[in-house]
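Since the structure comes first, as structure tokens, the remarks are kept for the end.
Protein chains in written order, with this note's numbering: chain A, 1 to 507; chain B, 508 to 627.
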């Protein structure tokens, strides 16, 4: 036989695409050509595959002209994960292995024939399952990742020879796969944060209602510490969310060896020099996921938010509104999930001391204004909870000043509040307060008259969207306190969080 | 016994020419040069004119010799063939380009692999 086929998967964004690899051996000047929009890494498979075959005591069809076609031909292929499939299709065309049926092959080849791990094995497994393939050949070290899809027969191979032996129906001696670690990532405990009663409460409200949150404060008062503790307060991911998040990590190549399903809400804290492409996702031929997608179902924390490029921050507006990132390129469009909870932490000014009276601040008013204006109005308007952090007093910092509430205690309250909200919204597509659309909120869930008056009489000149946001927070506060509908106090507290104790110019 | 590469190439071309004659090819020219390009063997069989490129190696360890024929090299051969056709009278009905790989090591029988029609 001179023509044979193998199947593999390429990753685009968080989706997999099955690629047919056809190998054709013909008469003609010896050589090998790969057609079907390969990138440099795929093109270099030519050399890797040949070396791997020859070093695996298999015979290379050296006197034949080899044409490898990758289809669909119009899609750019990138990365080295097609190596193993290319090798097996050539060997199959050369009648050294039987034809493969309903089998997907992923793996990068080393020159000595070893099969190296690739990114996106879980995505490939999900893709194989959905497309009706029943066998998946993957690098041995990534078997556990593929096995998260239980309906598939997963074969781990250490070398090209293993893969050949499997296809010939021989036994392969595979080590037992690395045992899956279900150990939760250690999330720091809320008990470590001393003082900051306001901010702790805001964090609790954010966790209970899924609200976006902003911290403003001098350096060293605990903005980052608080933000890091948010994932611990959120409920564990559901099965569907866990698969989605783990697949995203797999596509990004961020899944550690032996790591099982991710159950803890992810926490991403990009550095303030991060580019737009790294944050949102991008790439010219095949889209790589950005940090907003990595933070899907979790927390995106922008520390030193005012130090980010303004354009980078404004790029967050679309995902904040719609929960997805749409990346359009000349040839295709990719939609990436990006439903995350945003936590901004910022200094009030370059020197960081413009808090309270601001007496110690050495920045001119112009410098202060320019610094803070990076956080644009439209971005800040989407943030429901704004908290100014004061320096904790010496008494608060004293470890003997009594035990503070730990993550577990607060998380239990959060769970109860979320259950209360979920009961209220049981017939609706949303289940937390931050997801309720504005018109529904006002029509179906009215607050008490006195509470509404408080909102109407306020001198803050709140926009319609602003009022909706205050009401959502008020509902969350009511849920946390066990009130059936928000009363005056709940709305007052929500108002104060909107206002950020007066330190936030933009509103 | 050590030989230089050019000596080895010469031996390979002799072997290739003898092989072609055995197959009833009529050798018209050998090592025909034009400026910087060269035709190793020009032969004719059954009214087809064949331009042959011969590659000789001591072993197969670097792949089979014809693999060393790059697209640029092939282009040179085409150019040379064109010049040969303008400078020579030949009765033929078609032309073809062939590659001949010769593995030659002293004391062992030479092996030849003949790829017909390399113009892709």
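Backbone N, C-alpha and C define an ideal beta-carbon position, used for all residues, glycine too.
Where residue i sits in the DSSP three-state scheme
{"i": "residue 604 (chain B)", "result": "strand"}
{"i": "residue 615 (chain B)", "result": "coil"}
{"i": "residue 477 (chain A)", "result": "helix"}
{"i": "residue 308 (chain A)", "result": "coil"}
{"i": "residue 511 (chain B)", "result": "coil"}
{"i": "residue 112 (chain A)", "result": "coil"}
{"i": "residue 123 (chain A)", "result": "helix"}
{"i": "residue 32 (chain A)", "result": "strand"}
{"i": "residue 64 (chain A)", "result": "coil"}
{"i": "residue 538 (chain B)", "result": "strand"}
{"i": "residue 55 (chain A)", "result": "coil"}
{"i": "residue 470 (chain A)", "result": "helix"}
{"i": "residue 276 (chain A)", "result": "helix"}
{"i": "residue 441 (chain A)", "result": "helix"}
{"i": "residue 209 (chain A)", "result": "helix"}
{"i": "residue 186 (chain A)", "result": "coil"}
{"i": "residue 16 (chain A)", "result": "strand"}
{"i": "residue 97 (chain A)", "result": "coil"}
{"i": "residue 488 (chain A)", "result": "helix"}
{"i": "residue 400 (chain A)", "result": "coil"}
{"i": "residue 203 (chain A)", "result": "helix"}
{"i": "residue 435 (chain A)", "result": "helix"}
{"i": "residue 148 (chain A)", "result": "coil"}
{"i": "residue 447 (chain A)", "result": "coil"}
{"i": "residue 159 (chain A)", "result": "strand"}
{"i": "residue 153 (chain A)", "result": "strand"}
{"i": "residue 427 (chain A)", "result": "coil"}
{"i": "residue 141 (chain A)", "result": "helix"}
{"i": "residue 419 (chain A)", "result": "helix"}
Bridge-paired residues (DSSP) for residue i
{"i": "residue 621 (chain B)", "result": "B:607"}
{"i": "residue 332 (chain A)", "result": "Per DSSP, none; premise fails for residue 332 (chain A)."}
{"i": "residue 38 (chain A)", "result": "A:77"}
{"i": "residue 24 (chain A)", "result": "A:3, A:67"}
{"i": "residue 552 (chain B)", "result": "B:555"}
{"i": "residue 560 (chain B)", "result": "B:606"}
{"i": "residue 214 (chain A)", "result": "A:344, A:386"}
{"i": "residue 104 (chain A)", "result": "A:7, A:136"}
Residue i vs residue j beta-carbon contact at 8 Å
{"i": "residue 222 (chain A)", "j": "residue 187 (chain A)", "result": "no"}
{"i": "residue 585 (chain B)", "j": "residue 572 (chain B)", "result": "no"}
{"i": "residue 154 (chain A)", "j": "residue 129 (chain A)", "result": "no"}
{"i": "residue 8 (chain A)", "j": "residue 104 (chain A)", "result": "yes"}
{"i": "residue 11 (chain A)", "j": "residue 123 (chain A)", "result": "yes"}
{"i": "residue 306 (chain A)", "j": "residue 362 (chain A)", "result": "no"}
{"i": "residue 137 (chain A)", "j": "residue 110 (chain A)", "result": "no"}
{"i": "residue 597 (chain B)", "j": "residue 551 (chain B)", "result": "yes"}
{"i": "residue 469 (chain A)", "j": "residue 384 (chain A)", "result": "yes"}
{"i": "residue 235 (chain A)", "j": "residue 296 (chain A)", "result": "no"}
{"i": "residue 379 (chain A)", "j": "residue 313 (chain A)", "result": "yes"}
{"i": "residue 422 (chain A)", "j": "residue 433 (chain A)", "result": "no"}
{"i": "residue 527 (chain B)", "j": "residue 591 (chain B)", "result": "no"}
{"i": "residue 142 (chain A)", "j": "residue 117 (chain A)", "result": "yes"}
{"i": "residue 549 (chain B)", "j": "residue 523 (chain B)", "result": "no"}
{"i": "residue 216 (chain A)", "j": "residue 206 (chain A)", "result": "no"}
{"i": "residue 226 (chain A)", "j": "residue 268 (chain A)", "result": "no"}
{"i": "residue 507 (chain B)", "j": "residue 602 (chain B)", "result": "With chain B represented from 508 up to 627, any question about residue 507 (chain B) goes unanswered, as that position is not in the structure."}
{"i": "residue 39 (chain A)", "j": "residue 5 (chain A)", "result": "no"}
{"i": "residue 566 (chain B)", "j": "residue 610 (chain B)", "result": "yes"}
Anticipated Cβ contact below 8 Å, residue i with residue j, distance rounded
{"i": "residue 230 (chain A)", "j": "residue 299 (chain A)", "result": "5 Å"}
{"i": "residue 89 (chain A)", "j": "residue 23 (chain A)", "result": "4 Å"}
{"i": "residue 21 (chain A)", "j": "residue 82 (chain A)", "result": "7 Å"}
{"i": "residue 50 (chain A)", "j": "residue 26 (chain A)", "result": "With a Cβ gap of about 17 Å, residue 50 (chain A) and residue 26 (chain A) do not count as contacting."}
{"i": "residue 152 (chain A)", "j": "residue 115 (chain A)", "result": "Actually they are not in contact, since the Cβ atoms of residue 152 (chain A) and residue 115 (chain A) sit about 18 Å apart, beyond 8 Å."}
{"i": "residue 410 (chain A)", "j": "residue 204 (chain A)", "result": "5 Å"}
{"i": "residue 208 (chain A)", "j": "residue 407 (chain A)", "result": "About 14 Å separates the two Cβ atoms, so there is no contact after all."}
{"i": "residue 134 (chain A)", "j": "residue 55 (chain A)", "result": "The pair is not a contact, with the Cβ atoms about 30 Å apart (cut-off 8 Å)."}
{"i": "residue 490 (chain A)", "j": "residue 474 (chain A)", "result": "5 Å"}
{"i": "residue 218 (chain A)", "j": "residue 352 (chain A)", "result": "5 Å"}
Any non-hydrogen atom of the ligand SAM within 7 Å of residue i CB
{"i": "residue 493 (chain A)", "result": "Looking for the ligand SAM in the displayed structure turns up nothing, as the structure carries no ligands at all."}
| Against chain A: residues of the region 593 to 614 of chain B by CB proximity under 7 Å | 606
- [ ] Can you give me, in chain order, the residues of the region 26 to 50 of chain A that have a beta carbon less than 9 Å from any beta carbon in chain B?
- [x] 27, 28, 29, 30, 31, 50
Residues of the region 566 to 583 of chain B whose Cβ lies closer than 7 Å to any Cβ of chain A, in chain order: 570, 571, 573, 574, 576
Exercise. Scan the region 62 to 86 of chain A for residues whose Cβ lies nearer than 7 Å to a Cβ of chain B and list them as they occur along the chain.
Key: 62, 63
Looking at chain A, which residues of the region 546 to 562 of chain B have a Cβ within less than 8 Å of any of its Cβ atoms? none
Given a limit of 9 Å on CB to CB distance, which residues of the region 510 to 529 of chain B reach chain A? none
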